[in-house]
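K.L.:
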């Protein structure tokens with residue numbers, strides 16, 4: 151009798167599993183974005199540069215910016231995430247790695263690394279990433295990046311210099327694709343100023 155019931159039980163379990171698959175909602179598709187590569191090009195040389203080696207640290211951020219969500223700040227100062235859109239890495243890591251590439255493209259500093267590598271360097275670039283989002287104001291959207299940069303002497307752990315960098319760029323539309331493009335343009339503009347500041351800083 152038990153043997154005869156086995157096919158029935160198998161059929162029932164299969165039917166239940168199929169029903170469950172139909173009842174559970176499908177996961178929405180998520181698009182992963184990265185910042186467009188920097189357009190910074192190598193200059194005529196490192197003339198005037200006083201920094202021989204630099205390592206980049208992951209910046210501090212607020213809890214809201216610590217995730218991989220693509221954010222927009224509404225008029226009531228509340229953050230919202232673009233639906234179905236994510237950065238390819240948490241924002242602090244995304245920003246550090248993008249900056250590293252920008253420094254490589256510039257070519258003024260020969261020796262570059264990140265703190266996670268554990269390598270020696272003359273200076274360390276860290277700080278606080280206070281804004282990395284779009285803002286919706288008065289019917290239009292613009293990208294905003296605000297980075298409070300710190301240059302630290304790795305031997306003494308003393309702050310060599312500090313400066314705030316801001317960059318804004320109109321987004322043109324209120325969607326994830328436009329936000330990513332505008333943030334990329336703003337990042338390029340900010341990086342040009344940041345790199346020039348770093349390479350001419352004397353420890």
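Numbering (the working numbering), first residue to last: 151 to 353.
For each residue, glycine too, the CB sits at the ideal point set by N, CA and C.
1) Flag this pair as yes or no: are the beta carbons of residue 294 and residue 314 separated by less than 9 Å?
2) Are the Cβ atoms of residue 221 and residue 291 separated by less than 9 Å?
3) Between which residues of its own chain and residue 351 is the CB-CB distance below 8 Å, once the five residues before and five after are set aside?
4) For residue 302, name the three-state secondary structure that DSSP assigns.
5) Using the C-alpha atoms, what's the distance from residue 242 back to residue 211?
6) Just grab the DSSP bridge partners of residue 229 for me.
7) Please confirm whether residue 279 and residue 298 have their CB atoms less than 9 Å apart.
8) What first and last residue would you give for the alpha helix (DSSP H) that runs through residue 331?
9) Counting pairs of Cβ atoms below 8 Å between the segment 203-210 and the segment 260-267, do you hit three or more?
10) Please classify residue 180: is it buried, with 16 or more other beta-carbons within 10 angstroms of its beta-carbon, or exposed?
11) Assign residue 229 to buried or exposed, taking buried as 16 or more other Cβ atoms, counted over all protein chains shown, within 10 Å of its Cβ.
12) Can you grab the Cα-Cα spacing for the pair residue 191 / residue 338, in whole Å?
13) Report the option in 331, 286, 182 and 276 whose CA atom is closest to the CA atom of residue 249.
14) For residue 303, which option in 270, 188, 346 and 329 has the closest C-alpha, if you only look at C-alpha atoms?
15) What residues in its chain sit with their C-beta under 7 Å from that of residue 233, if we drop five residues either side in the sequence?
16) What three-state label does DSSP hand residue 276 in the structure shown?
17) Residue 282 bridges to which residues according to DSSP?
P.N.:
So, from the data block:
1) Here the question's residue 294 lines up with position 144 in the chain shown. Here the question's residue 314 lines up with position 164 in the chain shown. No, Cβ-Cβ distance for residue 294 and residue 314 is not below 9 Å.
2) As a first step, residue 221 must be located in the chain shown, where it is residue number 71. As a first step, residue 291 must be located in the chain shown, where it is residue number 141. Contact: no.
3) On the chain shown, residue 351 is found 201 positions in, with the first residue counted as 1. Answer for residue 351: 200, 201, 273, 301, 310 and 311, listed in chain order.
4) Taking the chain shown and counting its residues from 1, the one referred to as residue 302 is at position 152. Note: residue 302 maps to strand in three-state DSSP.
5) Position 61 of the chain shown, counted from the start, is the residue given in the question as residue 211. Position 92 of the chain shown, counted from the start, is the residue given in the question as residue 242. When only Cα atoms are considered, residue 211 and residue 242 end up about 7 Å apart.
6) As a working mapping, residue 229 is identified with position 79 in the chain shown. In the DSSP secondary-structure assignment, residue 229 is bridged to 223.
7) Position 129 of the chain shown, counted from the start, is the residue given in the question as residue 279. Position 148 of the chain shown, counted from the start, is the residue given in the question as residue 298. Yes, the pair counts as a contact, with Cβ atoms nearer than the cut-off.
8) Locating residue 331 in the chain shown gives position 181, counting from the first residue. Counted as a single uninterrupted DSSP element, the alpha helix (DSSP H) harbouring residue 331 occupies residues 326-349.
9) Yes: at least three Cβ pairs fall under 8 Å.
10) The residue given as residue 180 occupies position 30 in the chain shown. The residue is exposed, with fewer than 16 neighbouring Cβ atoms inside 10 Å.
11) One-based indexing of the chain shown puts residue 229 at position 79. By the 10 Å Cβ count, residue 229 comes out exposed.
12) Sequence index remark: in the chain shown, residue 191 carries index 41 (1-based). Sequence index remark: in the chain shown, residue 338 carries index 188 (1-based). Taking the straight line joining both Cα atoms gives about 11 Å.
13) Mapped onto the chain shown, residue 249 falls at position 99. Comparing Cα positions, the closest option is 276.
14) Within the chain shown, residue 303 is the residue found at index 153, counting from 1. When only C-alpha atoms are compared, the closest one is 270.
15) Taking the first residue of the chain shown as position 1, residue 233 is located at position 83. Answer for residue 233: no residue qualifies.
16) As a position in the chain shown, residue 276 is number 126, starting the count at 1. Note: residue 276 maps to strand in three-state DSSP.
17) Start at 1 with the first residue of the chain shown, and residue 282 comes out as number 132. Under DSSP, residue 282 forms a beta bridge with 295.
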